[in-house]
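One line per chain: the protein sequences are H and X, in this order. For the first sequence, the positions run 1 to 446 when this note's numbering is used. For the second sequence, the positions run 1001 to 1313 when this note's numbering is used. I have placed the structure first, in the form of structure tokens, so that the comments after it can refer back to it.
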Amino acid sequence: MALTGMAIFKHMPKTNCGQCGVPTCLAFAMKLAAGGASLDQCPFVSEAAKELLAEASAPPIRGVVIGEGEFALKIGEELVMHRHEKTFFNPAGYALLIEDTEDAAAVAGKLAALKAATYERVAQKLRSNLVAVKNASGDAAKFTACVAAVAGAIEYPLVLMAEPAAIEAALAVTALKRPLLYAATKANLDAMAALAKKLGAPLAVKAVSLDELGELTAKLDGMGVKDLVLDPGSRTLKETHQNLVYIRRAALKKKLRPFGYPIITFPAEETTDDMMETIHAAIYTIKYGGIVVLRDLSPEKAYALYVLRQNIYTDPQRPMQVEQGFYPINGADENSPVLITTNFSLTYFIVSSEIEGSKVPAWLGIVDTDGLSTLTAWAAGKFVPDRIAAFVTKSDLASKVKHRTVIIPGYVAQLSGELEEELAGWKVVVGPREASELPAFLKALK
Amino acid sequence: MAFQAPVETSTAKIRELTLGTKKTVTVGGQNALAFHSFEGTLPNGPKIAMEVYDTTPADWADELKRAIGDVWGDPVAWAKKCEGEFGADLICLQLAGTDPNGANRSVADAVATVKAVAEAISVPLMVYGSGNSDKDAELLKAVAEATQGKNVIIGLAVEENYKSIGAAAMGFGAKVSGETPIDVNMAKQLNILLTNLGVPLDALLIDPSTGALGYGLEYCFSIHERIKLAALKQNDAMLQSPTIANLGKEVWRAKEAKISQADAPQWGDGRKRGIIWETLTATAVMMAGADILIMRHPEAVKLIRKTIAELGA
């Protein structure tokens, strides 16, 4: 069971050395209790205390890393049922399913497309994370060849879906760092566990029921295989959704260790309809999936899923921020109007999308307001004349445009006089209050 | 070790509202979170209202034109198509043409449209104004009067005009959808104000504002979740009204839904992209607890209907 910060504090060295990054032992203990720190950050905690606290301070859902290096995927370590309670931490990974019965050229094409489907949105890179290679042929030689081809074509970590012997055969030819082995079942538990231990690789566990799942993970934990990923075995939307809710609750609210692992889901095996597959994937992104395996990650589906995942995993306490600067829209040139707003990502998206819709070329100036929206930033003193003026004068705007006029949001009309004083040589025009009024406003400027 | 299902039951439930008269639709009534049929009863499940506009849409995506362009400019034909061909549970007539900053249709003209649509359909009707609070106050009063006895929903009532719209709803027996900007307390406060005015609780619906996928969906998602949690776990009567997500118009404003494949090849199939954008937005708000989804594209509607069936509500 989880300990309180005070209970943990009793076992701390109480030296307040600060080496853990927190000024006092009490504060560190509080952070541990809240799941925001790990015990190994304290260099002086005694072995006895470590053992005592390990259980209590371990995150209720274990963090599992698949792969190594730049493309490694970390899942798990979630602390809440609903994102507003704190935040969701480690975004679900999308895996493209490849079967070893597929034509080699088709596989190469799919992987090239998957690699190309990377995007940038609000200073984050959006992409898929894994490739799941399935031994659908039942032939270890085919599986070996397919794994080699996939690993040669893409750097994403792999999920190896086969029996232990076939996985071992494939890895003898293609060395992989921490692939996810899929899956230990009641029938092959010992062999899979031995393989996972030998390779130091994370292991998925597939069961026919939650009863069986809990038994298998407890056994594996006893055997020293700790990096597990759960597959409750259900292959309908209704049952999988129910299992995802049950497992997350069991781990977080009942502190049931056998269920304290991230979960792998299989939209690919639940439907043959490409659009329904995307919807299943969306639901598992929202509700507790750690890995989502799909057959189709074509750009129109992948991009929508990436944006959904970005939305759901955004920290509610820390709004997404756009980088400060002047952005040209619709091919803005030296005569185009200049609009200024805050770097709250939603403000940026809505304003830029309205300007784009108007088809009027314009410069959009984004002031760093720590991600606050217009009125909030104004009230917090972050969207005020001196800051806006400093932003404009320190930028190269004067060389970008020939005119000397900036447009500010209607909600901060009260700033215009003072801003004009601060910004010598510039004229300040008050724009509309709502972004939706921008197209009409911009068209009228012409 | 047998797995003890960690069920969480609730003694509170969402208020059950029956809408319409000819072919009624009931929303709400559930005592569990969205699609948690394993720990409660969900008698109705989410319902889909399809949008109909009073004027011919301008600048809509090509994909929408392909799907419903044949009925644009004819709200009656549009509404009939949504009911007959696309299987809409409700029709949401958006009187965007009444906006004084737009086509500025007169109240009398708009009411004639409302009457014609109401006569032509059997499913329940929702009538939304343009969002201009002064004009909406006048318009929705006339709409409530003209649709008396048809058990319609009128909206959106906002802080600036809730008194006139609330009074009209009371006077003519309509239900009211109240809109507040992504804030649980403001949603609650508007319901308190409307009930203080005398509007019965079972005539109220909450529209907590909608952000499309990539355009504030996370806020909208969490507000719907928080409203349902407060309603069910804390038994907050003022938040037990069914909730509405007016998502079609938000989704189809997004560049990702609209832009052609030629202009954005990196985003893939231009035809499917908008449908997916609407479908995933609807999926998210529905998983968060929205009871009525206001949608636009018939294929997105079909996909959501299938999803609801698969989730077993």
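Even glycine gets a Cβ: it sits at the ideal position worked out from N, Cα and C.
Selected residue, minimal CA-CA separation from residue i, among the options
i: D368(H); options: I340(H), E354(H), E356(H), V351(H); result: I340(H)
i: M6(H); options: V293(H), N335(H), M30(H); result: M30(H)
i: A1245(X); options: P1006(X), K1081(X), E1145(X), L1156(X); result: L1156(X)
i: Y411(H); options: F326(H), L375(H), Q317(H), V360(H); result: L375(H)
i: S1177(X); options: I1121(X), L1239(X), L1217(X); result: L1239(X)
i: T949(X); options: G1097(X), K1150(X), N1031(X), I1165(X); result: Within the shown structure, residues of chain X are numbered from 1001 to 1313, placing residue 949(X) beyond reach of any answer.
i: Q1261(X); options: I1227(X), R1271(X), A1067(X); result: R1271(X)
i: K1080(X); options: C1220(X), N1185(X), L1125(X); result: L1125(X)
i: V225(H); options: T240(H), L189(H), P232(H), K253(H); result: L189(H)
i: V80(H); options: M320(H), F383(H), G260(H); result: G260(H)
i: D100(H); options: E47(H), I350(H), A162(H); result: A162(H)
i: A1077(X); options: N1196(X), G1214(X), E1119(X); result: E1119(X)
i: S128(H); options: F9(H), A304(H), S234(H); result: A304(H)
i: L216(H); options: D227(H), K186(H), V229(H), A201(H); result: K186(H)
i: G1216(X); options: L176(H), K400(H), M320(H), P385(H); result: M320(H)
i: I167(H); options: G67(H), L195(H), G233(H), V428(H); result: L195(H)
i: L52(H); options: V65(H), H11(H), G69(H), G67(H); result: H11(H)
i: S358(H); options: A1187(X), A1254(X), K1135(X), G1131(X); result: A1254(X)
i: F89(H); options: D315(H), G417(H), A444(H), L445(H); result: D315(H)
i: A201(H); options: A140(H), A153(H), E277(H), V64(H); result: V64(H)
Nearest-angstrom beta carbon gap, residue j and residue i [assumed within contact, 8 Å]
i: G289(H); j: A92(H); result: 5 Å
i: E1256(X); j: W1277(X); result: 6 Å
i: A148(H); j: V131(H); result: 13 Å between Cβ atoms; not a contact.
i: A245(H); j: Y94(H); result: The residue asked about is misnamed: residue 245(H) is Val in this sequence, not Ala. Their Cβ separation, rounded to whole angstroms, is 21 Å, which puts V245(H) and Y94(H) out of contact at 8 Å.
i: V1251(X); j: A1212(X); result: 4 Å
i: F1003(X); j: D211(H); result: 5 Å
i: I263(H); j: I247(H); result: 6 Å
i: I1223(X); j: I1192(X); result: That belief does not hold up - the Cβ atoms of I1223(X) and I1192(X) are roughly 17 Å apart, past 8 Å.
Span of the beta strand (DSSP E) around residue i
i: V1025(X); result: 1025-1027
i: A1012(X); result: Where A1012(X) is concerned, there is no enclosing beta strand (DSSP E), given that its DSSP letter is neither H nor E.
i: Y1162(X); result: Looking at the DSSP string, Y1162(X) is not in any beta strand (DSSP E); the run it does join, the alpha helix (DSSP H), is 1162-1172.
i: P328(H); result: 325-329
i: V460(H); result: The requested residue 460(H) is not part of the displayed model; chain H covers only 1 to 446.
i: Y1053(X); result: 1047-1053
i: D231(H); result: 228-231
i: L390(H); result: Note that residue 390(H) is Ala in the sequence shown here, rather than Leu. Note, A390(H): premise wrong, no beta strand (DSSP E); alpha helix (DSSP H) at 385-394.
i: K427(H); result: 427-430
i: M1295(X); result: 1292-1295
i: D1207(X); result: 1204-1207
Residue i, DSSP secondary structure in three states
i: Q1148(X); result: coil
i: I279(H); result: helix
i: A1093(X); result: This sequence places Leu at residue 1093(X); Ala is not what is there. L1093(X): strand per DSSP, three-state reduction.
i: M30(H); result: helix
i: K115(H); result: helix
i: I535(H); result: Lying outside 1 to 446, the shown extent of chain H, residue 535(H) is not represented and no answer is given.
i: Q242(H); result: helix
i: D1136(X); result: helix
i: T15(H); result: coil
i: Y411(H); result: helix
i: L445(H); result: helix
i: D274(H); result: helix
i: E437(H); result: helix
i: A1245(X); result: strand
i: A136(H); result: coil
i: V1076(X); result: helix
i: A362(H); result: strand
i: S1370(X); result: Given that chain X is displayed from residue 1001 to residue 1313, the structure contains no residue 1370(X) and the question cannot be resolved.
i: I75(H); result: strand
i: V65(H); result: strand
i: A1116(X); result: helix
Cβ-heavy atom distance, residue i to the ligand ATP, below 6 Å
i: S1164(X); result: As for the ligand ATP, it is missing from this structure, which has no ligand bound.
Chain A within 7 Å of residue i, Cβ atoms only
i: K115(H); result: Checking the listed chains, one finds no chain A in this structure; the protein chains it contains are H and X.
Where the alpha helix (DSSP H) through residue i begins and ends
i: N311(H); result: 299-312
i: M1186(X); result: 1184-1197
i: G152(H); result: 140-153
i: L1280(X); result: 1270-1288
i: S358(H); result: 345-358
i: M161(H); result: No alpha helix (DSSP H) holds M161(H); the beta strand (DSSP E) holding it covers 158-161.
Checklist entry - What residue ranges within the segment 164-213 of chain H form continuous beta strand (DSSP E) runs of no fewer than 3 residues, ordered along the chain? => result 180-184, 203-206
Item to check | Any alpha helix (DSSP H) of 4 or more consecutive residues that is wholly inside the segment 83-131 of chain H | outcome: 104-116
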